[in-house]
Every structure is written in structure tokens, then in C-alpha cells.
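Keeping their order, the protein sequence lines are chains W and G. For the first sequence, this note's numbering gives the first residue as 184, with consecutive numbering after it. For the second sequence, this note's numbering gives the first residue as 6, with consecutive numbering after it. All C-beta atoms, glycine included, are put in the ideal place defined by N, C-alpha and C. In this text, all values refer to a predicted model and were calculated from it rather than measured experimentally.
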Amino acid sequence: MASKFGLAGGIPERRVRPIWDAIDSRQFKNALKHSTALLAKYPTSPYALALKAVILERMGKFDEALSVSLNAKELLYKNDSNLMDDLTLSTLQIVFQRLDHLDLATSCYDHACGKFPNNLELMMGLFNCYVREYSFVKQQQTAIKMYKLVGEERFLLWAVCSIQLQVLCGNGGEKLLFLAEGLLKKHVASHSLHEPEALIVYISILEQQAKYGDALEILSKLGSLLMIEVDKLRMQGRLLARQGDFAAAAKIYEKILQLSSDDWECFLHYLSCLLEDESSWCNGATDDPIHTKKFVDCKLSHLTDEVFDSRILDASNFVQKLQADTSNNFLRCPYLGNLEIERRKLLYGKNNDDELMESLMQYFSRFGHLACFTSDVEKFLLVLSPDKKTKFQEKLMGNSSSLSTEPIKALGQSITLLKIQELIGNMYKLPVVVSLKSYVILKLPVLPLELESSAVQMLEMYLKNLPLSKDLDLQESMHGEELLSMASNVLVQLFCRTRNFGYFMEAIMVLEFGLIIRRKFVVGNNACTCGRCGRYVWQYKILLVHLYSHLGALSLAYEWYKALDGKNILMETVSHHILPQMLVSPLWMDLNNLLIDYLKFMDEHFRESADLTFLAYRHRNYSKVIEFVQFKERLQRSNQYLMARVESPILQLKQNADNIEEEESVLESLKSGIHFLELSKEIGSKSLTFNEDWQSRPWWTPTPEKNYLLGPFEGISYCPKENLVEEREANVRRVVERKSLLPRMIYLSIQSASASLKENLKVNGSMSDQNISSELKHLLGQYAKMLGFSLSDAIEVVMGVSKGQKSFETFGADMIDWLDFAVFLNAWNLNSHEVMQPNVDGSGPCTWHIVNSLLKKCILERIGSMESHICSPQSDLPSLVQLVTEPLAWHNLVMQSCVRSSLPSGKKKKKSGCTDQSPLSHTVRDSIQSICGLVEEVAKWLKHHINRSEDENLDIILSSVRRDEGPGRIFQILETSNATINETELGDRISQALKSWSPIGVAMKIIRGQRTVLEKFLGICESKIKSLQALQHQMAQV
Amino acid sequence: MTTIRRFCCNDLLRFTSVNLDHLTETFNMSFYMTYLARWPDYFHVAEGPVMGKVEGQGESWHGHVTAVTVSPEYRRQQLAKKLMNLLEDISDKIDKAYFVDLFVRASNTPAIKMYEKLGYVIYRRVLRYYSGEEDGLDMRKALSRDVEKKSMIPLKRPVTPDELEYD
């Protein structure tokens, strides 16, 4: 900022410099002092005022800053022309932008440009304003004016980009592209082009219109602008292929592969061109740029057999040539090429599975030791029939005696064998254990026949190979590290199939063990506590996050999640590992931090994105302009972002629900929930984006909605992580749609309850009785519709369930939403009396009773089902937490509202109907008592579990893994792993790590982690009890 | 399945496993995007990105490698070498720079060894370069324009971050 000096508004630089210096060093008071002095001398200088506004804004005095900026703006409009300089305008622009008044900044520049029509600097400022506002049409118009004024290529490209943005991100029709093309054509004819990015944009404009021939012509004329040869060739190849000139395109791709023979994408294009298969260039080929498909589509060739054979022969010869030309042992592409050729032949019916299998075997012998082998061959395995897959695996096993003599390579190959078994799904078919007899008869050489032994083998292999990592730096991945993740996954499967908790515990133990091995130790064997050392082996941590979440030790899960250090863009891609569980947990502080950090990251990006776009304009990287705008839109439509925007206020509402006044101030800050209604309406028409990284999720929970550990094991085989987006999209849309109604419905419920007891309703412009009723009814109707019912049918359902005429099963997975519905229904009925009324003496059915009895049934049922919390993974705790913190909390607010309105206070007169004898009063009193008793039950249950001795809990955990049958083998190996440590073989670091391993320490950590969650929940319950008791006390005074 | 190509914004969402690795820094968005907006030629990706820039005056005109990393699954295959060579090539042939430099944590032995194998030397030590805690090493490799390889003659004394000509 300090460099932006000059004579501004006639003020000498020496007077301005101290102000900027003070601002830059954040000494705002000092800056303000200088500014006051400056204004005393130049009271009508817009620049001096703009400076003051900058300071005020930085000090957080937003209203004052806005008013001072508006003064400056006014003076600017009035003043003589010589005071309309860019420095003043850009300073004002900064303040207006920070105050979220981009329009005001734009109008200042617009005015200035009107006054000085030929001032390029001002026009660039105006263009920048439109970039910030994403006004593509205005951008285009301004850029064209600049281009006409000075004829520079860059301004023409600014205009062209603005046109492209209208087409890609705005409402502009494709015809506009023709206009852009015309502009470029004319310019090229007279001035040619000078920037590589200008050429890229020109070609993309032509390509978007399918004018491939024209694009190729331009490329041949101006291609020398592209300095990286391969980039130019890729463009040429793509254009030729899209034009249908496959032969020429294949030649180009051949050239690229000769220059860079490891370019897999290019090889695929090459082969597609030879086989005249256009599927990789069709629209939609890159529909989801984030989650790339494992399976590469290809169209079966329409070529005749002879032509197909000769083309395939060409490809084979070329691949062999590439293989022969390289001495680089790491070059995989030419060998993968071979596999792809065999795959195409198989799909075309030209060979049988055996040939592809043979090629796979060859690939294994060359690259089988690499960690990427399995992901390399996955798509080729997909085309094999299940039998052939198994045969392939058997063939690999048959060769296992000829594993490399080099230990690291041999380890890599052994891991690959296990991974292949996992990949083709055979692991899921193995029996849990087989009798020793059949084991001896079958004599399987490498892989055990049963799951448990598989896990044991993995762990043993890991331990046996630890010496290989002796000399590695602590920061380097150890050899065989993935074995522990695999063993853990097998153990989870064993748990899944046997429901034997010991396996689950062992799944945790192996990972904790692995993390100990990778921890840094300082003097005295203490584990290093610096943040960086805690970050090793994120794969283990992610698995632990899920295992601990499932076990109810969410605070522990959150600790490991934090250790992943998922900052910046990782918040968008990895939050899904923890956020869904946290949303239904009592760890409100942690959840709040998660939501705040995430929303801050996203909103900050949205704020700064336009400035970065302008930076790309300025540096003439036009293709990035388009990319940046599209990327911002992608993030804005992120399902997670929308979810967080709704969940954040709901959390606030939950946190303050025990005190109606505080809740009302939260609601006020949310404008009584009106904006969220808009969001609920919009979401239906928005296409959502899913930017989460699913690959890192464990197999048993491929998305937050799916958890195979909950259901029966049958039917789970190899779980493909694809095609889940559609299902997720519908689900997220439904949840956001429903949840965004909540703030408004809570607000209206409070109003409705209070209106039912107040005489004069139209105080201070508040809503009328009727408006509240009709709006709440409308929202109830919408809510019911989202649950799949009409309002009247939904009312029938809750009444039926509460009376026991219908089962709870009717609510299905939407139990919380149904209870919320019942709560709001009661609040609405208080005022509208449309549903039913209690008898005069307060007895008989009424909506109060419906809510009370539903809450009671649901809550008690949950408590009853969770006798042993410590070793029952994924208990009903999350839904119990939700019941207490959502419907029960909203119901409490309705009661608070009733009580407050019933209380005699100052000038307010009690409504005549609401005396001690009023039926409503009775019902409210009974309800408070019933709900209070209910929360006390929950608290009692929690205390019982919290107070259980640690030793007792420890016994439960340890006895699950120290058994004669079932789980225990893994635990025993781990428990004794540090009994005989060969320090010379393992080295100092690994030996020290092994010594510090304590399985009991892990068990204790789990016990404390679970207890933390229960304690937090107890805290919430106690606060509710206090609030309800206060209500009881108040009611006694009525 | 490896292809080296230009980095684009969507890649920020693709390389989670690389960014979760403890040796890879996840920068803020404006950092990545400023590089994309200013030096897109210096931002490529294979199984992990390489990002850099070109800057300096006169004989200090040089390419700078800001970050290079490879996904754990694809390590030990010389991919980092390929990415580094690409950036060196662009600095050498397109921008005609004198040398390429980079900063590395003094404790990151595996990376230092790798850069040395690629022809880089430790030009100087930068005291407390990383968050005021850890020293950084400024490593350099001369390009063809620096015929006498003057740019990589090591300095005898360490420097402090404020003595650096460029960040």
C-alpha cells in the first residue's frame, strides 16, 4: 500500500506517507491521529476522507467507515475534475469492497470514466470493479472501449474472456462466441497475436464452436507462440481427433510419445485414434474432473477385422519400439500400453482372457513390487470374468516362489499379492476360520485360506520386515507400511461378519501400533509432541478417525482428525471424515471450531477470488481467468458448504436453547430465519458439487451415509466407491432443504406459543396472530411434504405413533425430523387450535401429549438399548444426543415461551384465560415436569456409565481380545512385540518406539475418549434440567 | 498411469493424499492461485505437483522451485526428478535464466539428498527461515546461461531471512 504514492487530490506525499505507514504496521490509532490532522488542513479532500475510512474500517468501525466513504464519494462527484484520480478511487474501492459495497465502488469508477472518457487507468479500474462483481457483460463493454482506445491485444483478450464467461458461467448464448471469434479474426488479420495465452483462448473459442479446421489453421499459423512443444502437439492431436482426422491425430500422438514416453493419457488418445474411437473426446468425457473413473470408456470399433488387426499391430509395434528405446526401468507407460492393447482386443473379441492375463503376469514381473501396481492394473482386471480373476490370482500365487531375491522388492511383491486379493474381492469370500485339517490338505503356499490368518500374516510380514527400514529417515515412509492398514481392514471385516468386538479392538490396536513405530522419540523415550512429528502415516489416522467414531470415542477421533492438519483446501476435501459425526455429537465447541474454520476458509476464497482473477487478466494468463471463475462457482455449489451454512446457525440455536432470551437474540441475528427459507427454496434447482476425497475412506463406510458395519454382512463384496454421488446428491438436497426451514420454524413456534397467551399481539410491529399461524402452517405443510406426506396425513402419523396405533418404524430413518415436526405442530396448534383441544380440565389427548409421549418413548427406548456402552460400537448415542438437543430443546423453547407469556409482569396483564385453572397452564406444567423427568433419566444413565471404574472398563476391553477362541491372535503378537527386541537389527529409533508400545495405554485412551463424550452430553443435560427446573419454579408462581 | 501436464484449479481437489503427507505443505488458496495467475508454465502436475516461478534481475534472473511432491504410491520412481527437470528446462530454454534455486528444511535429509543427486548444491544456509524456528537451505543449480557456474559457488556464511533478495 505504501508504494501507491503520488500527488493525491493535491496532497503532498510527505503528509500521506505516515498514515499509510501506520496502517501498514497496524497502528490504527496513530493513523487516525495523522488523518485528523490531514483533514484539518484538507477538509474537503476526498482522498483524505478515503484514508480516514480505510483506518476506520480496519478498526472495525464499519458504520463510521461507510459514512465517511460516502462523504468522500459525494465530494468526489461534486469536486473539480482534477481531483478525480485513480489513487483516491482505488482507496475508496478498498473500503467499499471490505464493507461489502462493491456497487458503490463501481459507481465511483463509472462516474469517473464518464467524466474522463479517455483515461485508460480509470477504465482499467472500472473493469476491475466489474470483475469483482462478476458482471461479465459490463466487463466486455469496458474492455472493448479500452481496446478501441489503444488497440492493444490484451484488452481485446479481456473482452474475449468476458464473452467466454458469459457463455460458460452466465446466461450468454453460444452465438456470442461467434462475436468473439470475429473480434479475434479481425485483430489477427491486422496485428497477428503475440501472447501464447491469446492463442490458447482463440483456439478454445473455435473449439467450443466445433470449428476444428479453423482452429488447426490458426495453430499452424501461430503455434510457434507456444513454447512447450508437447503442449502444442497435444492441442493439435486433440483438434485433429475431434475433427475426425484420426490418422493424422495418431501420428501427432506418436510424436508426443516419442518425446515423452511415459505419458499415459497420450497413449490412450493414440490408441483411440488408431481404432477410430472418439469416446475420449466426446462431451461429457470430463464431466467430473475430480473423481476420475477407474474404468476408461471405449467404444467398440466399427472397423473391419482386417483393419482392426493391422491397426492393433501398428500399436503393438510402436509400443515395443518405445520399450526398446528406453533404458529407464521406471517407465511404465509402454508396458501398460501393452495391457491396454490386450484389453481392447479382448473387448473386440480378438483374444481371450488368457492373453490379457499373460500380459498382466508380465507386468507383475516387471512392476509387481511397486506400490502403484494394483491401481495400475485395476481397470484391466475389471474386464476379466470373476473366474478369470481368481485364476489370475492363483497364477500369481503360483509364481510366488519366484519372488525377487532383493528383500525390499520381495516385500513389495508380497504386498501386491495381498492387495490383488483384496481388490478382486476374494478377501470378502474367505471363511472366518477354517479347520486345521482342511488347511493341511489344501497346503496353500502364500495366502492363508481364512481371514484371521490373513490379518496375522500381514502383521507378521510387517514386523519381520521392520529391519528393512532401520536406516530410513524418520520422515520417510517405512517399507510395508500399508500392511497394517490392510490388516486393520481385514479385522474390521471379521468384526462385521462375527460381531465379535475383539476383532474391532484389534483393528484399532494394529493402527495405533503403527503410529507408535513412526513417532519421534526424544531423550528419555518421551514421544515428541511437536505438531509435525505427529503427522506421520495419515492413512492410519483416517482409519482410526472412523473406528473411534464408530466406537463412540468421538473426542479421540477428533484428536486424530486434527493431527491430519487438514487446513486450507483440505478442509473441503477431508472434512467429511469427521464433520457428519460431529454434527450429531455433544462436542459442540469442537464442532463450532470445525464449522467456523471451514466457512471462514470458503468465504475468504470467495472474497479474494475476483482479485486473483484480475491478477490473471493483468498477467495475460487468460485461460486462468476462465478457470478461476469456474472454480469459484464449483466451490460455491459445494454440498458441504451449503450444509455447513445451514448447520452453523442450527448449532447456535442448539447451544442457546435453554434460555429463550439468548435464543431470541440468535434468531434476531439470523433475521428470524428468513434467509434460510430462501436457501431451502433454491437448493432444489442448484446443481451441487462433491469435492470430497472418497478414496481415503475405509471400505466399510464409502460415504458418510453408508456404514456397512450397521447392516448384515451378506451382500458386501468388493465395494466399488463409484456411482455414489447421485445418491448423495439427493440426500444432501433433502437434508439442506429440511434443515434450512428449522430456524424459521423455531422462531415462529416461539411466537405462536407466546401469542396463544398474550392479549395484544401487535406490539412493536411484531407479526400478527394470524400471520404466525398461517406461515407456520405453510411451513409445516412443506416439512410434511419433505417427509413424504400431506400435512393432514403427517398429523395422522404422529398421532398414531404417539398413541401406539402405529409403530415407530413408520418414522424410519427420519425419526428426528418427525419429532421436530410434532414439536412445531404443537406450537402451531397452541395458537390455531386447528388440530385438537384438551378437555376443560386439561386432560385428554392434545398435541402437548403427542410431543411428550413421543419424546418419552424414543428416549427411553434408546437408553434401554444401550446397556453396555463401552464395547458396543455405534450405539444409539448419536440419536439420543440428537433427540435431547434438537426436538426436546425446541419443545423446551415452546414451553419457555408459554411460561414467559403467562407470567404477570409490570404493565402486561395476564390473559384472562391463563389463570392457575386454565387447561393450558395445567398442560404446560405437566409437560415441563414430564420433560424434566425425562432429561433426568438420561442424566442418570450417563452418570452410571461415567462413574463406572476405569478398571472395570479396561477388563471389558481386554477380555474381548484375550480369549481362547476368536480374536486374540493379533493382540497377542502386538502385546509381545516388544518382549524380544533385537536392537542391532532394528536400529535405535524403531527399538525405542517398540519399547514404548503399550496396548493397555490405548485401551485407557479409548475409555477416556468415550467418557469425554458422555461428560459433554451430561453437561448439556444438566443445563437443560436447570432450565426446566427454573420453568417449574416460575410456573409455581403463576 | 502417469501424465505430466499443466496444473489447473481442479487439481487442488484431486491431490488430497499428497497434501495429507507430512512433508507436503498445503498452502492457502491465494498462494496457489497467484502462482497459477502469474507463472502457469511453472506449475505442472504428475502424481503430485511441482510449482515455481521465475524472478530476479541481471545475473540473478532465475527459476525458483517453490514446491515439489509426489504421491506416496508413486514414490521411488524418479517422478520428482522428471518434474524438476521440466521446470529446469523451462527456466533454461524459455526464460533463459541463469540458475534454478529452492529452499528446503535443514532437517529434511531425504529431500536434500535427492536434490543433490539432481545436481543442486547447498548455496547458503538461511537462519530460522521456516516460521522463525528451523533453518532453511538455499540450494542451487546453474543453467546453461551461467557458463562458469558462478551462481552455485556456496556462500561461506549463513544469512538471515531479511537478507534474502526474494521470498
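Cα-Cα separation between residue i and residue j, rounded to whole angstroms
| i | j | result |
| --- | --- | --- |
| G137 (chain G) | V164 (chain G) | 13 Å |
| V23 (chain G) | V720 (chain W) | 12 Å |
| L285 (chain W) | A255 (chain W) | 15 Å |
| L17 (chain G) | D26 (chain G) | 14 Å |
| S937 (chain W) | V1077 (chain W) | 8 Å |
| A519 (chain W) | N648 (chain W) | Before going further, note that residue 519 (chain W) is Leu rather than Ala in the sequence given. Spanning the two alpha carbons is a distance of roughly 29 Å. |
| D293 (chain W) | I277 (chain W) | 16 Å |
| L959 (chain W) | E605 (chain W) | 53 Å |
| M6 (chain G) | S879 (chain W) | 19 Å |
| W44 (chain G) | K58 (chain G) | 6 Å |
| S806 (chain W) | G1170 (chain W) | 53 Å |
| R1146 (chain W) | I1153 (chain W) | 11 Å |
| Y79 (chain G) | E1166 (chain W) | 31 Å |
Beta-carbon proximity list for residue i, same chain, < 7 Å, skipping 5 on both sides
| i | result |
| --- | --- |
| M267 (chain W) | L259, A295, K298, F299 |
| K1199 (chain W) | P769, L770 |
| L1013 (chain W) | S935, A936, S939 |
| C139 (chain W) | As displayed, chain W neither begins before 184 nor continues past 1221, which places residue 139 (chain W) out of reach and without an answer. |
| T227 (chain W) | L258 |
| E335 (chain W) | none |
| S618 (chain W) | Low per-residue confidence applies at S618 (chain W): pLDDT is 47, beneath 50, and the placement is therefore not dependable, though the value from the model is reported in the following sentence. None. |
8 Å Cβ shell around residue i - same chain, five flanking residues per side excluded
| i | result |
| --- | --- |
| K945 (chain W) | Note that K945 (chain W) scores 46 on pLDDT, short of 50, meaning its location in the model is unreliable; the coordinates nonetheless yield the value given after this. Result list for K945 (chain W): S951, in chain order. |
| L667 (chain W) | M641, L642, Y645, V693, L694, F696, G697, Y723 |
Assigned secondary structure, residue i (DSSP; H/G/I helix, E/B strand, else coil)
| i | result |
| --- | --- |
| P54 (chain G) | strand |
| D106 (chain G) | strand |
| E60 (chain G) | strand |
| F550 (chain W) | helix |
| A662 (chain W) | The residue you asked about is not Ala; residue 662 (chain W) is His in the sequence shown. In the structure shown, H662 (chain W) sits in coil (DSSP, three-state: anything other than H, G, I, E or B). |
| G68 (chain G) | strand |
| L123 (chain G) | coil |
| I194 (chain W) | strand |
| V164 (chain G) | strand |
| R10 (chain G) | strand |
| F501 (chain W) | helix |
| F48 (chain G) | strand |
| S821 (chain W) | strand |
| H1016 (chain W) | coil |
| R200 (chain W) | helix |
N- and C-terminal bounds of the alpha helix (DSSP H) containing residue i
| i | result |
| --- | --- |
| R1222 (chain W) | A question about residue 1222 (chain W) goes unanswered here, because the residues of chain W that appear run from 184 up to 1221. |
| Y135 (chain G) | No alpha helix (DSSP H) contains Y135 (chain G), which is instead part of the beta strand (DSSP E) from 126–135. |
| V75 (chain G) | Element bounds for V75 (chain G): n/a, residue is neither H nor E. |
| D160 (chain W) | Outside the shown range of chain W, which is 184 to 1221, sits residue 160 (chain W), and nothing can be said about it. |
| E589 (chain W) | Here E589 (chain W) belongs to no alpha helix (DSSP H), and DSSP marks it neither H nor E. |
| L422 (chain W) | 412–426 |
| H374 (chain W) | 358–374 |
| E909 (chain W) | 908–922 |
Bounding residues of the beta strand (DSSP E) (the contiguous stretch that carries residue i)
| i | result |
| --- | --- |
| D283 (chain W) | Element bounds for D283 (chain W): n/a, residue is neither H nor E. |
| E139 (chain G) | 139–147 |
Cutoff 6 Å; reference residue i; Cβ partners in own chain excluding five residues on either side
| i | result |
| --- | --- |
| R162 (chain G) | none |
| D1003 (chain W) | P1070 |
| D151 (chain G) | Y103, F104 |
### Message
Taking 8 Å as the cut-off, does the region 653–663 of chain W touch the region 676–685 of chain W (at least 3 CB pairs, one atom from each stretch)?
### Response
no
### Task
Determine, using beta-carbon pairs with one atom in the region 86–105 of chain G and one in the region 55–67 of chain G, whether at least three such pairs fall under 8 Å.
yes
### Query
Is it true that the region 375–388 of chain W meets the region 334–347 of chain W, where meeting means three or more beta-carbon pairs spaced less than 8 Å apart?
yes
### Query
Between the region 848–860 of chain W and the region 789–809 of chain W, do at least 3 Cβ pairs fall closer than 8 Å?
no
### Task
Could you say if the region 962–972 of chain W and the region 1111–1119 of chain W meet the contact criterion of at least three C-beta pairs nearer than 8 Å?
no
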